[in-house]
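Asker: The opening residue of the sequence shown carries number 20 in my numbering; numbering runs sequentially from there.
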Amino acid sequence: MTRPISYGPLTQDSPPLLDGSLIRHGGSSVHHHPQFDPADITEQHIEEIAREGERVLAWLETAQEDLDQIVGAGETAGGQVKATTDVNGRVLAVTYGPRAKRMNSQELADQTLAAVRAARADAQDQTHELMRAAMPDFDPIQANEQFQRLLSAWQ
């Protein structure tokens, strides 16, 4: 999926994004400490996070058709087990090559899980590509890491 994509109200003039270490707006950047104390979160931080969330939700609404078309593909190193999954990680198909019959049940199970995991990772990578194309300032991996840090700090 290398075609250019433009979704809804997401433009270069959209509100700033919190991407884990930087807030970018226009050509300038404001640095933030990568490790922060949740007690130090200001109203401005909350507003920035809310704007980012609104942008992601707006993108999700307009990109649903493209997301529904994503099919992740994965296979084991030997190519004897192949799997496909949808964007939500549901397994669509698993196929076995002729040499897979020679595997014992544990090896076959391990190879099947490896192929499914690879397919899910591929679907996630495709989703991230779509997000980055629509929101160049947004890094979904950094956003998730930041969210996980926030959650663990509050627990």
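Cβ atoms here follow ideal geometry from the backbone N, Cα and C, with glycine treated the same way.
Only a predicted model underlies this, so the values are computations on that prediction, with no experimental measurement involved.
Do you know whose CA, among ALA133, MET122, GLU148 and GLU67, lies nearest GLU94's CA?
Answerer: Start at 1 with the first residue of the sequence shown, and residue 94 comes out as number 75. The shortest C-alpha separation from GLU94 is found at ALA133.
Asker: Could you work out which residue in GLY98, GLU62, ALA153 and ALA142 is closest to ASP87 when comparing CA atoms only?
Answerer: Working through the sequence shown from its first residue, we reach residue 87 at position 68. From the listed residues GLY98, GLU62, ALA153 and ALA142, the smallest Cα separation to ASP87 is found for ALA142.
Asker: Go ahead and label GLY72 buried or exposed: buried means 16 or more other beta carbons lie within 10 angstroms of its beta carbon, across all protein chains shown.
Answerer: Residue numbering aside, residue 72 sits at position 53 when the sequence shown is read from its first letter. Exposed, since its Cβ has fewer than 16 Cβ neighbours within 10 Å.
Asker: In the structure shown, what three-state DSSP assignment does VAL106 receive?
Answerer: What you label residue 106 is simply residue 87 of the sequence shown in a count that begins at 1. Note: VAL106 maps to coil in three-state DSSP.
Asker: Can you tell me which residues form a DSSP beta bridge with LYS101?
Answerer: In the sequence shown, counting from the first residue as 1, residue 101 sits at position 82. Looking at the DSSP assignment, LYS101 forms a beta bridge with GLU94 and THR114.
Asker: Tell me which same chain residues have a C-beta within less than 7 Å of the C-beta of LEU127, skipping the five on either side of it?
Answerer: Translated into positions along the sequence shown, residue 127 becomes position 108. Result list for LEU127: ALA119, in chain order.
Asker: What residue from THR103, ARG136, GLN99 and GLY97 has the CA that sits closest to VAL90's CA?
Answerer: Locating residue 90 in the sequence shown gives position 71, where the first residue counts as 1. Of the candidates THR103, ARG136, GLN99 and GLY97, the one whose C-alpha sits nearest the C-alpha of VAL90 is THR103.
Asker: In angstroms, rounded to a whole number, what distance separates the CA positions of VAL49 and GLN99?
Answerer: Walking along the sequence shown from the start, residue 49 turns up at place 30. Walking along the sequence shown from the start, residue 99 turns up at place 80. Only weak support is given to the placement of VAL49: the predicted model assigns it a pLDDT of 34, under 50, and the question is left unresolved by the model.
Asker: Taking just the CA atoms, how far does ASP158 sit from PHE166?
Answerer: Translated into the one-based positions of the sequence shown, residue 166 becomes position 147. Translated into the one-based positions of the sequence shown, residue 158 becomes position 139. Going by the C-alpha atoms only, they are around 12 Å apart.
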